[in-house]
């Protein structure tokens, strides 16, 4: 099969994979790009939830798409059910930093900070609320006159609640103007309290919605008062005082307000509430943490990446619409798109047998392991799992690295749809950024496995290079990862073939090293490291298994798999028995094996 | 208040009512002062000089000694105490007003922290008399050869200097002013995660190689930018006008967030755009020095650029 990308050779159109951020996407583009998953549908529930995901993992698109105004355009039975039941209404509130710093200038007292935050947040929320219920209104009243009558009635009710001292508004537009005017005329630098604003906006977040919800739901033809899902995006910018306001809502009776808050890993920095000594409890007590990470090899990520390819490709096509586009169809693949297929292609021997590969593996074993494997018999059933299946990926990697290290050789090993998804780490933005480079090259030349390897290596190189420039602890993180990767690389390629992995643990006394832990948390937020889900949503501990990202693995030619022997990051106990000491330049760091 | 900003070419001042400067850990901090005092353009009584009490090193001690030798009285201020210096300046201006109908205030902001010179600008436009003129002078420094001073940034370092964010903007565009501190710029970029990124930068016209140096230094940033443009550091009013045009263009589709770094004239120009335009949704953010900030001795190149501000 000829890869679809060949069709674009010499194409002078703009690379369709250039955009990779949902923040500025128009609603239309957002709807085209969106690919609903079971996780998405599961967000429509009554539980407060903190959604944890790395930068670019798709938090924004999830939260934006939950809005009724967008959801009603999605052709999907579940969307239809949620829209027609009118039981859940999502209100999207991105807490971007310029907004937060506007409503909370520096030097404010704790009291003012909290009050002004609640006020600013409520203004934003009220605007979104009006947009959403206007969509409902349009759905239930198709006749213009009837629509206007209902709008008038609702606008009056709402303005009486929100602006009791003013002439009631006749339209939502007027209400929005009132809101804008109230916000615009409030000087966050000079005011000391909220006495100049209507009471409902100075109360805890969500109050403006709660104040009107019970009075309007029947007009909107709802059987019961709905749940208002406050979708707070970019919550990683919220500081402790802001989070306390939200945690208070988790902890107390929230009267039909349900929070869905998206943040980076380890950025829900406090569970304190505004009431001293009261904490919001996770695990379904007051709220739940949920990881939004996709498995790189999972069906959901496959579906998403294929849909992205289809949408983006159709952007550059004129006069035809292609359906059923997949990443596989777009760039093509070798054999079954497994590592072995690219290995075979690179050694130019598609007929190589399991026995030949197994012999190669065994010959690179330590003497002890070799004699056991030979005793079992090359190609035997006994060797299949513990020798062939287990060690073939590392063997291929070693062989390919050797090939790649000769002069200017490029071993076309890192190629194919599976590999692209794997190094994307289930992160749609990383996927789009890689595809941007793949497509760019695809417009110029044939995307052979060697070419793809070069592209992925270039991308991985950028990814690794930028690590030291990540915020705050970037330099520490870059240093730690460089040392760990160099060590694993040495273990992978210089010693006898063994069960090497890309994961490590922290020694007990390192858990108290705040600088180190912060650096590793940063790595998790920006897709340099992965941790098990439990650690991701709670905290780093000695049980936390850190896995190097596949882009780091690619860059350093180390296996993209967890090893049987987990490295332990340890600076103190290098004298212990079984400790494999590895002196590192400055940190005097050592590793030991479990 | 409407103001007019004009590029000033001559730095050999005449008729100085007040010369305001800051002395600290950079050799350049006394360059302009020395030039003027040696040329008898100013006397010790015309000078209002602030010195940092946060970063005291060998150079700052030496700089202070030189000023004291000339009989200049120094006011020790902490880097974060902008209100204190604004109060001092206002007090001094008020006392000058008793005797003078018009004031020519000259400010050497070459070695001031950004929260000083930007706030000085902000304060002075509000007390500017009809016949007053405020000059801002910048002694160019050589940064390109020393990247060791590069710091980083965190979310807590970000503040809004001017402007007000809209509620629920349609779109957001970020204008990044950049210099040679790639680590800081990339950290800010990672935090702010801009989707429509515009880059502006500036370099002296006699050093065109700095253009390619900057582009090379920020290769990935330039690759991801929707637009990039350079500005002539010597022509301040052009800088401001160009930034104003770009901000207004971008404002049509949503909020515009200016995030300046790089040379001080660029930082100041970006910072004052929301003040000049007075539109909700045009915001200038400041990135404070991170906790790992290390003072660096920047030497003057000998070139001085400036601009003046008058009431319209």
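Protein chains in written order, with this note's numbering: chain A, 433 to 1026; chain B, 6 to 317. All C-beta atoms, glycine included, are put in the ideal place defined by N, C-alpha and C. Every value quoted in this text rests on a predicted model; they were computed, and no experiment measured them.
Interface annotation, residue 903 of chain A: in contact with chain B, CB-CB separation under 7 Å. At a cut-off of 7 Å between beta carbons, residue 159 of chain B contacts chain A. Pairing residue 191 of chain B with residue 216 of chain B, the inter-Cα distance amounts to about 18 Å. Neighbourhood of residue 170 of chain B in chain A, by CB distance below 7 Å: 530, 531, 534, in chain order.
At a cut-off of 7 Å between beta carbons, residue 700 of chain A makes no contact with chain B. It is roughly 13 Å from the alpha-carbon of residue 630 of chain A to the alpha-carbon of residue 612 of chain A. In this chain, residue 117 of chain B is not harboured by any alpha helix (DSSP H), its DSSP state being neither H nor E. Taking one beta carbon from each stretch, the region 738-758 of chain A and the region 498-513 of chain A have fewer than 3 pairs nearer than 8 Å; the two do not touch.
By the 16-neighbour rule on beta-carbons within 10 angstroms, residue 596 of chain A is exposed. Around the C-beta of residue 643 of chain A, 16 or more other C-beta atoms lie within 10 Å, and the residue is accordingly described as buried. Among the residues of the region 532-561 of chain A, those with a Cβ less than 7 Å away from any Cβ of chain B are 533, 534, 537, 538, 555, 556, 559, 560, in the order of the chain. Under the Cβ criterion (8 Å, minimum of three pairs), the region 954-973 of chain A counts as touching the region 904-912 of chain A. The Cβ of residue 619 of chain A sits no closer than 7 Å to any Cβ of chain B. Here residue 811 of chain A has 786, 787, 790 as same chain residues with Cβ atoms under 7 Å from its own Cβ, once five neighbours each way along the sequence are excluded. Counting C-beta pairs closer than 8 Å gives three or more between the region 755-768 of chain A and the region 436-445 of chain A, which meets the contact rule. Sequence-ordered contacts of the region 284-307 of chain B with chain A read 285, 288, 290, 295 [C-beta pairs closer than 8 Å]. In the displayed model, residue 144 of chain B falls within a strand according to three-state DSSP.
Each residue's CA atom was taken as its position, placing residue 268 of chain B and residue 244 of chain B some 12 Å apart.
Going by DSSP, residue 660 of chain A is part of the beta strand (DSSP E) stretching over 659-665. Look at the region 178-244 of chain B and you find these whole runs of beta strand (DSSP E), each 3 residues long or longer: 201-208, 232-237.
Each residue's CA atom was taken as its position, placing residue 274 of chain B and residue 568 of chain A some 46 Å apart. Ranked by Cα distance from residue 139 of chain B, the first of B:127, B:145, B:181 is B:127. Taking the Cα positions, residue 806 of chain A is about 52 Å away from residue 903 of chain A.
Here the C-alpha atom of residue 695 of chain A lies approximately 15 Å from the C-alpha atom of residue 859 of chain A.
With a 10 Å radius around the Cβ and a threshold of 16 neighbouring Cβ atoms, residue 867 of chain A comes out buried. Per DSSP, reduced to three states, the secondary structure at residue 279 of chain B is helical.
At a cut-off of 7 Å between beta-carbon atoms, residue 176 of chain B makes contact with chain A. By the Cβ criterion, the region 100-108 of chain B is not in contact with the region 78-90 of chain B, since fewer than three pairs of Cβ atoms, one from each stretch, lie closer than 8 Å. The alpha carbon of residue 891 of chain A has as its nearest neighbour, out of B:144, B:225, B:242, B:260, the alpha carbon of B:225. Short of 6 Å from the beta carbon of residue 455 of chain A, and not among the five residues preceding or following it, lie these beta carbons of its own chain, in chain order: 492.
Annotated three-state conformation of residue 473 of chain A is helix, per DSSP. Only those residues of the region 74-102 of chain B whose C-beta falls short of 7 Å from the nearest C-beta of chain A would be listed, and there are none. When DSSP states are grouped into helix, strand and coil, residue 308 of chain B belongs to the strand group. Here residue 256 of chain B has 284, 286, 287 as same chain residues with Cβ atoms under 7 Å from its own Cβ, once five neighbours each way along the sequence are excluded. For residue 825 of chain A, the three-state secondary structure derived from DSSP is helix. The C-alpha of residue 657 of chain A lies about 9 Å from the C-alpha of residue 648 of chain A.
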